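A short worksheet on the structure shown next.
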Amino acid sequence: MKDATGEDAYYALMMFKAILLQRWYDLSDPALKAALYDRISFMKI
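Given below as structure tokens:
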């Protein structure tokens, strides 16, 4: 899937789950990015 600029787009369901994790754990955008790369439980979204 590509976005308007031709770059690979994120899947909508994956982004929705990431936003839920961000809300539930009160994470900033940089903290969410770090958590997604660091935590195995977050990698399984």
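In my numbering, each residue's number is its place in the sequence shown (first place is 1) plus 1. Don't be surprised by glycine CBs; every beta carbon is placed ideally from N, CA and C. Quantities reported herein were computed from a predicted structural model and do not represent experimental measurements.
Residue i - DSSP class collapsed to helix/strand/coil
{"i": "residue 9", "result": "strand"}
{"i": "residue 37", "result": "helix"}
{"i": "residue 30", "result": "helix"}
Nearest residue (CA-CA) to residue i, options the options
{"i": "residue 33", "options": "12, 15, 23 and 14", "result": "23"}
{"i": "residue 16", "options": "30, 6 and 7", "result": "30"}
C-beta atoms of residue i and residue j nearer than 8 angstroms
{"i": "residue 37", "j": "residue 13", "result": "no"}
Residues near residue i in its chain [Cβ-Cβ closer than 7 angstroms; skip 5 each side]
{"i": "residue 43", "result": "22, 36 and 37"}
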